[in-house]
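Structure record follows, encoded as C-alpha coordinates.
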Amino acid sequence: MDLITRYQEVRRRTEKICSYLQTEDYVVQPVVDVSPPKWHIGHVTWFFETFILKPYFMGYEEFNPDYNFVFNSYYETVGNRVIRTDRGNLSRPTVIEIYSYRKYVDEAMANFLHDGISDDVKELMVLGFNHEEQHQELLMTDIKYILGHNPLFPAYNAEYAAPHFADPASDSFIKMDEGIYEIGFTGDGFCFDNELNRHKVYLNAYEMSPKLVTNAEYLEFINSGGYHDFRHWHAEGWDWVKNNKVGAPLYWHNIDGGWHHYTYHGLEPLHLKAPVTHISYFEAYAYASWKGLRLPTEFEWEAAATRFNWGQRWEWTESSYLPYPGFAKAPGAIGEYNGKFMVNQKVLRGASEVTPPGHSRITYRNFFQTNLRWQFTGIRLAK
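So for the sequence shown, this note's numbering puts the first residue at -6; every next one is plus one.
In C-alpha coordinates, the structure reads:
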(Lines of atoms letter the chains of each structure in order from A and count residues from 1; the text may use other names and numbers.)
(Lines give C-alpha, C1' and ligand atoms only; values in the text may rest on other atoms or scores of the structure.)
Protein backbone atom coordinates (compact mmCIF):
# COMPACT_ATOMS: atom_id res chain seq x y z
CA MET A 1 0.00 0.00 0.00
CA ASP A 2 1.39 3.43 -0.94
CA LEU A 3 1.85 6.13 1.68
CA ILE A 4 -0.93 8.38 0.39
CA THR A 5 -3.50 5.57 0.55
CA ARG A 6 -2.32 4.50 4.00
CA TYR A 7 -2.45 8.09 5.22
CA GLN A 8 -5.98 8.56 3.92
CA GLU A 9 -7.21 5.31 5.46
CA VAL A 10 -5.83 6.16 8.88
CA ARG A 11 -7.27 9.65 8.80
CA ARG A 12 -10.70 8.43 7.66
CA ARG A 13 -10.88 5.91 10.48
CA THR A 14 -10.41 8.65 13.09
CA GLU A 15 -13.26 10.64 11.62
CA LYS A 16 -15.46 7.52 11.39
CA ILE A 17 -14.99 6.98 15.14
CA CYS A 18 -16.12 10.55 15.79
CA SER A 19 -19.03 10.41 13.34
CA TYR A 20 -21.36 9.00 16.02
CA LEU A 21 -20.80 11.96 18.35
CA GLN A 22 -22.89 15.06 18.86
CA THR A 23 -21.02 18.38 18.86
CA GLU A 24 -21.36 18.67 22.64
CA ASP A 25 -19.66 15.30 23.13
CA TYR A 26 -16.43 16.61 21.59
CA VAL A 27 -15.64 19.03 24.42
CA VAL A 28 -16.16 17.02 27.63
CA GLN A 29 -13.23 16.11 29.92
CA PRO A 30 -14.59 14.33 33.03
CA VAL A 31 -11.16 13.42 34.50
CA VAL A 32 -7.53 14.25 33.76
CA ASP A 33 -6.82 10.94 32.00
CA VAL A 34 -9.65 11.44 29.49
CA SER A 35 -9.08 14.03 26.77
CA PRO A 36 -11.94 15.66 24.84
CA PRO A 37 -12.45 14.01 21.43
CA LYS A 38 -11.85 17.31 19.64
CA TRP A 39 -8.43 17.57 21.29
CA HIS A 40 -7.50 14.11 19.97
CA ILE A 41 -8.47 14.93 16.39
CA GLY A 42 -6.53 18.19 16.59
CA HIS A 43 -3.48 16.60 18.24
CA VAL A 44 -2.97 13.87 15.64
CA THR A 45 -3.22 16.52 12.93
CA TRP A 46 -0.70 18.67 14.79
CA PHE A 47 1.67 15.68 14.81
CA PHE A 48 1.81 15.53 10.99
CA GLU A 49 2.05 19.31 10.69
CA THR A 50 4.78 19.65 13.33
CA PHE A 51 7.02 16.70 12.53
CA ILE A 52 6.58 16.41 8.76
CA LEU A 53 5.12 19.45 7.02
CA LYS A 54 6.87 22.25 8.88
CA PRO A 55 10.41 20.81 8.70
CA TYR A 56 10.22 19.05 5.31
CA PHE A 57 7.60 20.71 3.05
CA MET A 58 9.21 23.84 1.64
CA GLY A 59 6.89 26.84 1.65
CA TYR A 60 4.35 25.27 4.00
CA GLU A 61 2.38 27.87 5.94
CA GLU A 62 1.26 26.90 9.42
CA PHE A 63 -2.53 26.80 9.78
CA ASN A 64 -2.58 28.66 13.10
CA PRO A 65 0.51 29.39 15.24
CA ASP A 66 -1.58 29.06 18.43
CA TYR A 67 -2.30 25.42 17.67
CA ASN A 68 1.20 24.36 18.67
CA PHE A 69 0.33 25.50 22.21
CA VAL A 70 -3.14 23.94 22.08
CA PHE A 71 -2.34 20.51 20.63
CA ASN A 72 1.16 19.72 21.86
CA SER A 73 0.73 16.81 24.30
CA TYR A 74 3.95 16.30 26.25
CA TYR A 75 6.82 17.23 23.92
CA GLU A 76 9.05 19.56 25.91
CA THR A 77 11.32 19.94 22.89
CA VAL A 78 8.50 21.50 20.86
CA GLY A 79 7.55 24.17 23.39
CA ASN A 80 4.89 25.21 25.89
CA ARG A 81 1.44 23.61 25.88
CA VAL A 82 -1.97 23.72 27.49
CA ILE A 83 -1.76 21.64 30.66
CA ARG A 84 -3.61 18.36 30.42
CA THR A 85 -6.29 19.25 32.95
CA ASP A 86 -7.28 22.31 30.88
CA ARG A 87 -8.06 20.50 27.64
CA GLY A 88 -11.74 20.44 28.56
CA ASN A 89 -11.72 24.23 28.95
CA LEU A 90 -10.88 24.73 25.28
CA SER A 91 -14.27 25.80 23.98
CA ARG A 92 -12.21 27.47 21.25
CA PRO A 93 -11.00 26.43 18.73
CA THR A 94 -14.39 25.04 17.80
CA VAL A 95 -15.08 21.58 16.43
CA ILE A 96 -15.69 23.11 12.99
CA GLU A 97 -12.37 24.95 13.13
CA ILE A 98 -10.50 21.79 14.11
CA TYR A 99 -12.03 19.86 11.21
CA SER A 100 -10.98 22.73 8.93
CA TYR A 101 -7.48 22.30 10.35
CA ARG A 102 -7.55 18.57 9.54
CA LYS A 103 -8.66 19.29 5.97
CA TYR A 104 -5.96 21.91 5.51
CA VAL A 105 -3.21 19.58 6.73
CA ASP A 106 -4.58 16.60 4.76
CA GLU A 107 -4.48 18.62 1.53
CA ALA A 108 -0.93 19.76 2.28
CA MET A 109 0.12 16.19 3.04
CA ALA A 110 -1.34 14.96 -0.26
CA ASN A 111 0.71 17.58 -2.13
CA PHE A 112 3.82 16.78 -0.10
CA LEU A 113 3.60 13.03 -0.68
CA HIS A 114 2.84 13.36 -4.39
CA ASP A 115 6.46 13.92 -5.38
CA GLY A 116 8.03 11.22 -3.20
CA ILE A 117 9.92 11.50 0.09
CA SER A 118 13.15 10.30 1.70
CA ASP A 119 13.45 7.14 3.77
CA ASP A 120 13.85 9.21 6.94
CA VAL A 121 10.55 10.96 6.32
CA LYS A 122 8.90 7.63 5.48
CA GLU A 123 9.87 6.42 8.95
CA LEU A 124 8.25 9.50 10.47
CA MET A 125 5.14 8.90 8.38
CA VAL A 126 4.82 5.32 9.63
CA LEU A 127 5.33 6.56 13.19
CA GLY A 128 2.59 9.11 12.54
CA PHE A 129 0.21 6.38 11.34
CA ASN A 130 0.84 4.31 14.45
CA HIS A 131 0.56 7.40 16.64
CA GLU A 132 -2.87 8.20 15.19
CA GLU A 133 -3.95 4.58 15.62
CA GLN A 134 -3.00 4.82 19.30
CA HIS A 135 -5.24 7.86 19.57
CA GLN A 136 -8.04 6.02 17.79
CA GLU A 137 -8.05 3.54 20.64
CA LEU A 138 -7.84 6.38 23.15
CA LEU A 139 -10.77 8.06 21.40
CA MET A 140 -12.87 4.92 21.82
CA THR A 141 -12.02 4.55 25.50
CA ASP A 142 -12.34 8.28 26.23
CA ILE A 143 -15.71 8.43 24.47
CA LYS A 144 -16.89 5.47 26.54
CA TYR A 145 -15.83 7.25 29.74
CA ILE A 146 -17.53 10.49 28.68
CA LEU A 147 -20.85 8.83 27.78
CA GLY A 148 -20.59 6.24 30.55
CA HIS A 149 -20.48 9.06 33.10
CA ASN A 150 -23.39 10.93 31.55
CA PRO A 151 -26.34 10.39 33.97
CA LEU A 152 -28.49 9.21 31.04
CA PHE A 153 -25.95 6.53 29.93
CA PRO A 154 -26.52 7.28 26.23
CA ALA A 155 -25.44 4.79 23.59
CA TYR A 156 -22.39 5.68 21.52
CA ASN A 157 -23.36 3.51 18.56
CA ALA A 158 -26.32 1.14 18.76
CA GLU A 159 -24.81 -0.94 15.93
CA TYR A 160 -21.40 -1.37 17.57
CA ALA A 161 -20.28 -5.01 17.51
CA ALA A 162 -17.26 -6.21 19.46
CA PRO A 163 -14.97 -8.56 17.53
CA HIS A 164 -15.63 -12.25 18.16
CA PHE A 165 -12.92 -14.30 19.84
CA ALA A 166 -13.14 -18.09 19.96
CA ASP A 167 -13.10 -19.71 23.39
CA PRO A 168 -10.13 -21.99 24.10
CA ALA A 169 -10.68 -25.70 23.46
CA SER A 170 -9.57 -26.49 27.01
CA ASP A 171 -9.40 -24.71 30.36
CA SER A 172 -6.21 -26.56 31.24
CA PHE A 173 -3.29 -24.27 32.04
CA ILE A 174 -0.57 -24.11 29.39
CA LYS A 175 2.70 -25.52 30.70
CA MET A 176 5.90 -23.72 29.77
CA ASP A 177 9.32 -25.25 30.33
CA GLU A 178 12.10 -23.51 32.15
CA GLY A 179 14.74 -22.13 29.86
CA ILE A 180 16.06 -19.19 27.89
CA TYR A 181 13.58 -17.27 25.74
CA GLU A 182 14.10 -14.40 23.30
CA ILE A 183 12.02 -11.31 24.01
CA GLY A 184 11.45 -8.18 21.93
CA PHE A 185 10.71 -7.20 18.37
CA THR A 186 12.47 -8.75 15.42
CA GLY A 187 11.85 -8.33 11.70
CA ASP A 188 11.53 -5.57 9.13
CA GLY A 189 8.15 -4.11 10.06
CA PHE A 190 7.30 -1.24 12.39
CA CYS A 191 7.73 -1.34 16.14
CA PHE A 192 7.94 1.27 18.87
CA ASP A 193 11.33 1.91 20.43
CA ASN A 194 10.28 0.34 23.75
CA GLU A 195 10.05 -3.07 22.02
CA LEU A 196 13.82 -3.00 21.37
CA ASN A 197 16.35 -4.46 21.75
CA ARG A 198 15.61 -8.15 21.37
CA HIS A 199 17.29 -10.01 24.19
CA LYS A 200 17.35 -13.28 26.10
CA VAL A 201 15.67 -13.93 29.44
CA TYR A 202 15.72 -17.00 31.66
CA LEU A 203 12.33 -18.17 32.90
CA ASN A 204 11.54 -20.81 35.49
CA ALA A 205 8.88 -23.36 34.56
CA TYR A 206 5.41 -21.80 34.76
CA GLU A 207 1.82 -22.21 33.61
CA MET A 208 -0.56 -19.77 31.91
CA SER A 209 -4.34 -19.82 31.69
CA PRO A 210 -5.56 -20.19 28.09
CA LYS A 211 -8.49 -17.87 28.82
CA LEU A 212 -9.23 -14.51 30.39
CA VAL A 213 -11.12 -14.14 33.66
CA THR A 214 -14.83 -13.59 32.93
CA ASN A 215 -17.36 -11.25 34.50
CA ALA A 216 -19.03 -14.25 36.16
CA GLU A 217 -15.75 -15.34 37.73
CA TYR A 218 -14.96 -11.82 38.89
CA LEU A 219 -18.45 -11.54 40.37
CA GLU A 220 -17.56 -14.47 42.64
CA PHE A 221 -14.67 -12.39 43.97
CA ILE A 222 -17.03 -9.50 44.68
CA ASN A 223 -19.66 -11.73 46.32
CA SER A 224 -17.02 -13.36 48.51
CA GLY A 225 -16.15 -9.96 49.98
CA GLY A 226 -12.96 -9.50 47.97
CA TYR A 227 -13.17 -5.71 48.12
CA HIS A 228 -13.42 -5.88 51.91
CA ASP A 229 -10.55 -8.27 52.65
CA PHE A 230 -7.22 -6.48 52.99
CA ARG A 231 -5.29 -9.76 52.75
CA HIS A 232 -5.55 -9.81 48.94
CA TRP A 233 -4.41 -6.25 48.31
CA HIS A 234 -1.16 -4.34 48.20
CA ALA A 235 -1.09 -1.63 50.87
CA GLU A 236 -1.38 1.06 48.20
CA GLY A 237 -4.21 -0.85 46.53
CA TRP A 238 -6.07 -1.24 49.82
CA ASP A 239 -5.77 2.52 50.42
CA TRP A 240 -7.07 3.10 46.89
CA VAL A 241 -10.11 0.88 47.51
CA LYS A 242 -10.97 2.60 50.79
CA ASN A 243 -10.30 6.17 49.71
CA ASN A 244 -12.27 5.81 46.46
CA LYS A 245 -14.97 3.48 47.85
CA VAL A 246 -14.33 1.00 45.03
CA GLY A 247 -16.50 -2.13 45.06
CA ALA A 248 -16.67 -3.27 41.44
CA PRO A 249 -15.03 -2.69 38.04
CA LEU A 250 -15.55 0.63 36.28
CA TYR A 251 -18.96 0.93 34.57
CA TRP A 252 -20.59 -1.72 36.82
CA HIS A 253 -23.83 -0.64 38.51
CA ASN A 254 -25.90 -2.64 40.97
CA ILE A 255 -29.49 -1.68 40.16
CA ASP A 256 -32.31 -3.18 42.26
CA GLY A 257 -30.08 -6.09 43.22
CA GLY A 258 -28.91 -6.89 39.70
CA TRP A 259 -25.58 -6.03 38.07
CA HIS A 260 -25.52 -3.90 34.93
CA HIS A 261 -22.65 -2.37 33.02
CA TYR A 262 -22.28 0.48 30.58
CA THR A 263 -21.41 -0.55 27.02
CA TYR A 264 -21.29 1.27 23.69
CA HIS A 265 -24.97 0.31 23.39
CA GLY A 266 -25.82 2.01 26.67
CA LEU A 267 -26.56 0.43 30.05
CA GLU A 268 -27.16 -3.34 29.81
CA PRO A 269 -27.41 -6.34 32.15
CA LEU A 270 -23.94 -7.66 32.91
CA HIS A 271 -22.65 -10.03 30.22
CA LEU A 272 -21.49 -12.86 32.47
CA LYS A 273 -19.48 -14.77 29.87
CA ALA A 274 -17.54 -11.74 28.62
CA PRO A 275 -13.99 -11.16 29.88
CA VAL A 276 -13.93 -8.77 32.82
CA THR A 277 -12.59 -5.36 31.85
CA HIS A 278 -11.95 -1.82 33.05
CA ILE A 279 -10.09 -2.93 36.15
CA SER A 280 -6.96 -1.53 37.74
CA TYR A 281 -3.72 -3.40 38.35
CA PHE A 282 -4.66 -3.32 42.03
CA GLU A 283 -7.87 -5.25 41.28
CA ALA A 284 -6.15 -7.69 38.93
CA TYR A 285 -3.53 -8.47 41.58
CA ALA A 286 -6.16 -8.86 44.32
CA TYR A 287 -8.25 -11.23 42.21
CA ALA A 288 -5.21 -13.37 41.41
CA SER A 289 -4.29 -13.46 45.10
CA TRP A 290 -7.85 -14.47 46.02
CA LYS A 291 -7.60 -17.36 43.54
CA GLY A 292 -4.28 -18.44 44.99
CA LEU A 293 -2.58 -17.61 41.70
CA ARG A 294 -0.69 -14.66 40.22
CA LEU A 295 -0.32 -12.42 37.20
CA PRO A 296 2.31 -13.36 34.59
CA THR A 297 5.38 -11.28 33.94
CA GLU A 298 5.49 -9.60 30.55
CA PHE A 299 8.26 -12.04 29.53
CA GLU A 300 6.17 -15.07 30.51
CA TRP A 301 3.27 -13.60 28.57
CA GLU A 302 5.31 -13.03 25.40
CA ALA A 303 6.97 -16.45 25.53
CA ALA A 304 3.59 -18.21 25.76
CA ALA A 305 1.47 -15.90 23.59
CA THR A 306 1.51 -18.12 20.48
CA ARG A 307 -0.27 -20.79 22.50
CA PHE A 308 -3.43 -18.87 23.45
CA ASN A 309 -5.83 -16.39 21.87
CA TRP A 310 -5.14 -12.79 22.83
CA GLY A 311 -6.48 -9.42 21.72
CA GLN A 312 -9.73 -8.94 23.63
CA ARG A 313 -8.21 -7.13 26.60
CA TRP A 314 -5.03 -5.37 27.60
CA GLU A 315 -3.73 -7.88 30.12
CA TRP A 316 -2.07 -6.65 33.30
CA THR A 317 1.34 -8.16 33.96
CA GLU A 318 3.52 -8.25 37.04
CA SER A 319 6.28 -6.35 35.22
CA SER A 320 7.29 -2.76 35.83
CA TYR A 321 7.67 -0.68 32.69
CA LEU A 322 11.43 -0.50 32.23
CA PRO A 323 13.83 -0.20 29.28
CA TYR A 324 15.16 -3.30 27.59
CA PRO A 325 18.95 -3.85 27.50
CA GLY A 326 20.53 -1.43 25.05
CA PHE A 327 17.45 0.81 24.81
CA ALA A 328 18.33 4.28 23.53
CA LYS A 329 16.07 7.29 23.08
CA ALA A 330 16.04 8.91 19.65
CA PRO A 331 17.34 12.48 19.45
CA GLY A 332 14.93 15.41 19.60
CA ALA A 333 11.21 15.37 20.29
CA ILE A 334 10.65 11.85 18.90
CA GLY A 335 12.87 10.55 21.69
CA GLU A 336 10.23 11.72 24.19
CA TYR A 337 7.75 9.18 22.84
CA ASN A 338 8.25 6.32 25.32
CA GLY A 339 11.47 6.48 27.30
CA LYS A 340 10.54 9.28 29.66
CA PHE A 341 7.52 7.32 30.93
CA MET A 342 9.55 4.34 32.15
CA VAL A 343 8.83 4.88 35.84
CA ASN A 344 5.96 4.00 38.21
CA GLN A 345 3.97 2.08 35.59
CA LYS A 346 3.01 -1.54 34.91
CA VAL A 347 3.22 -3.24 31.53
CA LEU A 348 0.10 -4.52 29.79
CA ARG A 349 0.30 -7.01 26.96
CA GLY A 350 -2.08 -8.01 24.18
CA ALA A 351 -4.59 -5.61 22.64
CA SER A 352 -8.27 -4.79 23.07
CA GLU A 353 -11.50 -4.92 21.17
CA VAL A 354 -10.98 -1.27 20.16
CA THR A 355 -7.35 -1.61 19.07
CA PRO A 356 -7.22 -0.64 15.37
CA PRO A 357 -6.79 -3.49 12.88
CA GLY A 358 -3.15 -4.32 12.26
CA HIS A 359 -1.95 -2.30 15.24
CA SER A 360 -1.26 -5.21 17.61
CA ARG A 361 1.63 -7.68 17.88
CA ILE A 362 3.05 -10.04 20.47
CA THR A 363 5.93 -7.70 21.37
CA TYR A 364 3.75 -4.58 21.87
CA ARG A 365 4.30 -3.05 25.32
CA ASN A 366 1.43 -0.95 26.62
CA PHE A 367 1.79 0.69 30.04
CA PHE A 368 -0.36 2.46 32.60
CA GLN A 369 -0.33 3.51 36.24
CA THR A 370 -1.63 0.92 38.69
CA ASN A 371 -4.87 2.77 39.53
CA LEU A 372 -6.15 3.41 35.99
CA ARG A 373 -9.24 1.60 34.68
CA TRP A 374 -10.62 3.44 31.66
CA GLN A 375 -8.82 1.23 29.14
CA PHE A 376 -10.08 -2.27 28.22
CA THR A 377 -7.89 -3.95 30.84
CA GLY A 378 -8.34 -7.57 31.92
CA ILE A 379 -6.81 -10.57 33.69
CA ARG A 380 -5.01 -13.71 32.57
CA LEU A 381 -3.77 -15.87 35.44
CA ALA A 382 -0.48 -17.69 35.85
CA LYS A 383 1.14 -20.03 38.33
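Built from N, CA and C at the ideal position, the CB exists for glycine as well.
Reducing DSSP to helix, strand and coil, say where residue i ends up.
{"i": "Lys376", "result": "coil"}
{"i": "Trp231", "result": "helix"}
{"i": "Ile378", "result": "Nothing about residue 378 can be read from this structure; the chain reaches only from -6 to 376."}
{"i": "Tyr174", "result": "strand"}
{"i": "Glu54", "result": "coil"}
{"i": "Thr311", "result": "The displayed chain sequence assigns Glu, not Thr, to residue 311. Here Glu311 sits in strand by DSSP."}
{"i": "Tyr255", "result": "strand"}
{"i": "Thr270", "result": "coil"}
{"i": "Thr409", "result": "The structure shown does not extend to residue 409, since the chain spans only -6 to 376, so no value can be given for it."}
{"i": "Leu46", "result": "helix"}
{"i": "Phe334", "result": "helix"}
{"i": "Phe183", "result": "coil"}
{"i": "Arg354", "result": "coil"}
{"i": "Ile327", "result": "helix"}
{"i": "Gly219", "result": "helix"}
{"i": "Asp160", "result": "coil"}
{"i": "Glu346", "result": "coil"}
{"i": "Asp26", "result": "coil"}
{"i": "Asn73", "result": "coil"}
{"i": "Arg224", "result": "helix"}
For the beta strand (DSSP E) that residue i lies in, which residues bound it at each end?
{"i": "Ser282", "result": "First-last for Ser282: 274 to 283, but that is the alpha helix (DSSP H), not the beta strand (DSSP E)."}
{"i": "Leu263", "result": "Segment: none, Leu263 is in no beta strand (DSSP E) and carries neither H nor E."}
{"i": "His192", "result": "192 to 196"}
{"i": "Asn247", "result": "245 to 248"}
{"i": "Ser93", "result": "Segment 88 to 107 is the alpha helix (DSSP H) holding Ser93; no beta strand (DSSP E) there."}
{"i": "Tyr60", "result": "That residue, Tyr60, is in no beta strand (DSSP E); its alpha helix (DSSP H) goes 60 to 64."}
{"i": "Glu200", "result": "199 to 201"}
Between residue i and the rest of its own chain, which residues show a CB-CB distance below 7 Å, the 5 nearest in sequence each way excluded?
{"i": "Val37", "result": "Thr7, His124, Glu125, His128"}
{"i": "Glu377", "result": "Because the chain in this structure spans residues -6 to 376, residue 377 falls outside the shown range and cannot be described."}
{"i": "Asn331", "result": "Phe185, Asp186, Asn187"}
{"i": "Asn73", "result": "Phe62"}
{"i": "Phe41", "result": "Val98, Met102, Gly121"}
{"i": "Val88", "result": "Thr16, Tyr19, Lys31"}
{"i": "His253", "result": "His246, Leu260, Glu261, Pro262, Leu263"}
Relative to the C-alpha of residue i, which candidate in the options has its C-alpha closest?
{"i": "Ile173", "options": "Asp181, Phe158, Ala154, Val194", "result": "Val194"}
{"i": "Gly121", "options": "Leu(-4), His157, Val25", "result": "Leu(-4)"}
{"i": "Pro324", "options": "Ile139, Thr70, Tyr138, Asn150", "result": "Thr70"}
{"i": "Lys47", "options": "Lys376, Val114, Pro350", "result": "Val114"}
{"i": "Trp231", "options": "Thr207, Tyr274, Gly259, Thr270", "result": "Tyr274"}
{"i": "Trp309", "options": "Tyr280, Pro144, Thr43", "result": "Tyr280"}
{"i": "Gln1", "options": "Met118, Thr43, Lys235", "result": "Met118"}
{"i": "Ala267", "options": "Trp283, Phe214, Pro316, Val206", "result": "Val206"}
{"i": "Tyr199", "options": "Leu374, Leu14, Ala277", "result": "Leu374"}
{"i": "Tyr257", "options": "Thr299, Tyr138, Val269", "result": "Tyr138"}
{"i": "Gly351", "options": "Glu54, Phe105, Glu130", "result": "Glu130"}
List the endpoints of the continuous alpha helix (DSSP H) containing residue i.
{"i": "Leu132", "result": "112 to 141"}
{"i": "Arg4", "result": "-4 to 11"}
{"i": "Thr38", "result": "30 to 41"}
{"i": "Tyr211", "result": "208 to 216"}
{"i": "Phe292", "result": "291 to 297"}
Excluding the five sequence neighbours on either side, which residues of its own chain have a C-beta within less than 8 Å of the C-beta of residue i, listed in chain order?
{"i": "Arg4", "result": "Arg95, Asp99, Glu125"}
{"i": "His192", "result": "Glu175, Ile176, Gly177, Tyr317, Pro318, Gly319"}
Looking only at DSSP bridge pairs, what is residue i linked to?
{"i": "Asn359", "result": "Leu341"}
{"i": "Arg306", "result": "The partner list for Arg306 (beta bridge, DSSP) is empty, contrary to what the question assumes."}
{"i": "Arg287", "result": "Ala375"}
Looking only at its chain, what residues have a beta carbon closer than 6 Å to the beta carbon of residue i, apart from the 5 residues adjacent to it on each side?
{"i": "Trp303", "result": "Gly343"}
{"i": "Gly141", "result": "Tyr244, Tyr255"}
{"i": "Tyr68", "result": "Ala326, Glu329"}
{"i": "Gln368", "result": "Thr134, Trp307"}
{"i": "Pro156", "result": "Glu346"}
{"i": "Arg80", "result": "Gln22, Ser28, Pro29, Trp32"}
{"i": "Lys396", "result": "Because the chain here runs from -6 to 376, residue 396 falls outside it and cannot be looked at."}
Please report whether the beta-carbon of residue i lies at a distance below 8 Å from any beta-carbon of chain C.
{"i": "Leu265", "result": "Any reference to chain C falls outside this structure, which holds one protein chain only."}
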